[in-house]
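Just below is one structure, and these are the notes that go with it.
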Amino acid sequence: MNRYQKERMLFVAFLALLCIALDQFGYSYFWIIIPIVLFTMYVAYNAFHLEEQFFLKSIIQGKKGKKGIAITFDDGPNAKITPQILAVLEKHNIKASFFCIGKNAEESPKILKSIYGAGHTIGSHSYSHAKWIDFNNKKKWRIEIDKSQDIIESIIGKRPRFFRPPYGVTTPDLAKAITGTNLLSIGWNIRSLDTMDNNVLEIVERSTRNLQNGCIVLFHDNLEWSCEVLEEFLVRTNKMGLEIVPISDLIDENAYEN
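When the letters of the sequence shown are read in order and numbered with our numbering, they come out as residues 553 to 810.
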């Protein structure tokens, strides 16, 4: 039972007691609306903060005592930017993780093979990453997840265990869809917000301000400024004396099912 299920049960019990009290003292049931609105806002907040582990348990940092940090890229593979990112990583002998959208992998299988062939980790980021994907029911989520898994496996011969929820949003239906699979939900504890602006120095500053051993950093490999951000980030982390390691090493989990 996750936090949402437990707290929903408590809230329902609270509402029942509130109804009894309102009836006992002759107050209008209108007052029930206030706690319902507040609880709805609370649930919505947690949906957008996967680090709260509200609906779904997610790994957001390395295991205690682990040295190094992991860098991750979302939303690729991108035909133009991802190869440039791979070149930068190769130049610095760095291994990263790429959470790939299934339809992008389907369109750029050679790039996906290049990512895997270079020793980077590949995870799933749903098939479509559609704008309204977070409103999917359990069945639609399973279709999204399985289709992405199947495509990635057909290209690299490995089935990912790491899954990153699109937009970092979790829901009860997503949690139900993942239950019973071998997937691990992977989040982050350092968000670069590189999709919000193209100021390289500001992005790098945000990404390194609280950086320390055990951190998982979120970038994207589909932005015109992604490579410049990565280059500057690697310079900063080198000065900070932080080693960049594969995410599987940082969290002590196998990246693939086989």
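Virtual Cβ for every residue (Gly too), placed ideally from N, Cα, C.
Can you tell me where the alpha helix (DSSP H) holding residue i begins and where it ends?
{"i": "Leu794", "result": "Where Leu794 is concerned, there is no enclosing alpha helix (DSSP H), given that its DSSP letter is neither H nor E."}
{"i": "Gly669", "result": "661-669"}
{"i": "Pro724", "result": "724-730"}
{"i": "Ile755", "result": "752-760"}
What are the start and end residues of the beta strand (DSSP E) that includes residue i?
{"i": "Phe771", "result": "768-772"}
{"i": "Asp626", "result": "622-626"}
{"i": "Ile738", "result": "736-738"}
{"i": "Thr673", "result": "673-676"}
{"i": "Ser706", "result": "Careful: Ser706 lies outside any beta strand (DSSP E), inside the alpha helix (DSSP H) at 690-708."}
{"i": "Ser649", "result": "649-652"}
Thinking residue i and residue j are a contact (beta carbons under 8 Å), I'd like their distance in whole angstroms, please.
{"i": "Ile674", "j": "Ile708", "result": "6 Å"}
{"i": "Val564", "j": "Glu783", "result": "So it is not a contact: roughly 53 Å between Cβ atoms."}
{"i": "Lys647", "j": "Asp804", "result": "Actually they do not touch by this definition, with Cβ atoms about 16 Å apart."}
With a threshold of 8 Å on Cβ separation, who are the neighbours of residue i within its own chain once the five nearest residues in sequence on each side are excluded?
{"i": "Arg716", "result": "Thr624, Asp626, Phe651, Gly675, Ser676, His677, Ser737, Ile738, Gly739"}
{"i": "Cys571", "result": "Tyr581, Ile584"}
{"i": "Lys683", "result": "none"}
{"i": "Leu602", "result": "Leu608, Ser610, Ile612, Pro717, Gly720, Val721, Thr722, Ser737, Gly739"}
Apart from the five residues on each side of it in sequence, which residues of its chain come closer than 7 Å, Cβ to Cβ, to residue i?
{"i": "Arg788", "result": "Val756, Thr760"}
{"i": "Val752", "result": "Trp777, Glu780, Val781, Glu784"}
{"i": "Ile637", "result": "Phe625, Asp773, Ser778, Cys779, Leu782"}
Between which residues of its own chain and residue i is the CB-CB distance below 6 Å, once the five residues before and five after are set aside?
{"i": "Ser661", "result": "At residue 661 the sequence reads Pro, which differs from the Ser that was named. Taken in chain order, the residues that qualify are Ile707."}
{"i": "Lys533", "result": "There is simply no residue 533 to check, as the chain begins at 553 and stops at 810 in what is shown."}
{"i": "Lys710", "result": "Tyr808"}
{"i": "His681", "result": "Ile653, Pro718"}
{"i": "Arg555", "result": "Phe606"}
{"i": "Asn598", "result": "Glu604, Phe606"}
Step through the CB atoms of chain B and report whether any lies within less than 8 Å of the CB of residue i.
{"i": "Ala596", "result": "Here there is only one protein chain, and chain B is not present."}
Segment contact flag, the region 579-592 with the region 555-567, C-beta cutoff 8 Å, min 3 pairs: Remark: three or more beta-carbon pairs, one from each stretch, lie closer than 8 Å, so the region 579-592 and the region 555-567 are flagged as touching.
Identify every run of the alpha helix (DSSP H) within the region 573-643, keeping only runs that are complete inside it and at least 4 residues long; order them along the chain. Whole alpha helix (DSSP H) segments, 4+ residues: 585-599, 633-643.
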